[in-house]
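*Asks:* Below is the structure I would like to discuss, written out as structure tokens.
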Amino acid sequence: MAKLQTAVFGGGCFWCTEAVFKMLRGVSSVEPGYAGGRTDNPTYEEVSRGDTDHVEVIRLQYNPDQVSYRTLLTIFFASHDATQLNRQGNDVGTQYRSVIFSTSAEQKTEAETFIAELEASAAEGDPIVTTVEPLKRFFPAEEYHKDYYERNTSQGYCQVIIAPKLQKVQKEFAQLLQSAS
Numbered sequence: 002m003a004k005l006q007t008a009v010f011g012g013g014c015f016w017c018t019e020a021v022f023k024m025l026r027g028v029s030s031v032e033p034g035y036a037g038g039r040t041d042n043p044t045y046e047e048v049s050r051g052d053t054d055h056v057e058v059i060r061l062q063y064n065p066d067q068v069s070y071r072t073l074l075t076i077f078f079a080s081h082d083a084t085q086l087n088r089q090g091n092d093v094g095t096q097y098r099s100v101i102f103s104t105s106a107e108q109k110t111e112a113e114t115f116i117a118e119l120e121a122s123a124a125e126g127d128p129i130v131t132t133v134e135p136l137k138r139f140f141p142a143e144e145y146h147k148d149y150y151e152r153n154t155s156q157g158y159c160q161v162i163i164a165p166k167l168q169k170v171q172k173e174f175a176q177l178l179q180s181a182s
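Residue numbers (the numbering used here): 2 to 182.
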């Protein structure tokens, strides 16, 4: 059995990205948190105000025998708008920027190659603003952020913002879902 690997993505609100990646076969855990900033042990309130330079991210553990890093990149780019600088929809600020925090030289190279391929395939489209940065530290989010969508499916934000993202991933990537055979 392959050793679990770690991937860290920031693509807007971590409630959304957590819910998307929890559906995937080969992903054993997804944890919301903060990365990329200058403050140790940031709080949600500090990050939300833009006081820390941190990004809302998810850290996931995955089995590369079941899901490749390239597949994770595919899902990441399909589940958010990588052409919006410092925002995703109504969520605005550097804490919502599109970023891949690499945990190895291989991830850095693969992410940069993937972005270059996307850019080349859509030369007429808006440029991708996603950055690739080395992961220095990850700070877990407060407990109430974990499994947010699962615990709050009837809440307006979950119904209007998160549910459509999940439906899109379920439709376009059904073969990659945990329930798929």
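For each residue, glycine too, the CB sits at the ideal point set by N, CA and C.
Bear in mind the structure is a predicted one, so any value in this text is a computation, not a measurement.
1. Quick one: what's got a C-beta closer than 7 Å to Cys-159's C-beta in the same chain, skipping five residues either side?
2. What would DSSP say about Val-68, mapped onto helix, strand or coil?
3. Using the beta-carbon count (16 or more within 10 Å), is Pro-43 buried or exposed?
4. Give every residue of the same chain whose Cβ lies closer than 7 Å to the Cβ of Arg-60, excluding the five residues on either side of it in the sequence, and list them in chain order.
5. Classify Ser-182 as buried or exposed, calling it buried when 16 or more other Cβ atoms lie within 10 Å of its own Cβ.
6. I think Gly-27 touches Val-58, with their Cβ atoms under 8 Å apart; what is that distance to the nearest whole Å?
7. Could you spell out the range, first to last residue, of the beta strand (DSSP E) harbouring Phe-102?
8. Which full runs of the alpha helix (DSSP H) of 4+ residues lie inside the stretch 114–141, going along the chain?
9. Please list, in chain order, all residues of the same chain as Arg-88 whose beta carbon is under 6 Å from its beta carbon, the five residues on each side excluded.
10. Taking the DSSP output, what are the residues bridged to Val-93?
*Replies:* Working from what's here:
1. Same-chain partners within the cutoff: Tyr-150, Asn-153.
2. It is coil, neither helix nor strand.
3. Burial call: buried.
4. Excluding residues up to 5 positions away in sequence, Thr-7, Val-9, Glu-32, Gly-34, Phe-139 lie with their Cβ nearer than 7 Å to the Cβ of Arg-60 in the same chain.
5. Residue placement at Ser-182 cannot be trusted, given a pLDDT of 45 that sits under 50; the coordinates are not used to answer.
6. 19 Å between Cβ atoms; not a contact.
7. Note, Phe-102: beta strand (DSSP E), 99–103.
8. Counting whole runs of 4 or more residues, the stretch 114–141 contains no alpha helix (DSSP H) stretch at all.
9. Cβ neighbours of Arg-88 within its own chain (closer than 6 Å, five residues either side excluded): Tyr-97.
10. Beta-bridge pairing links Val-93 to Arg-88.
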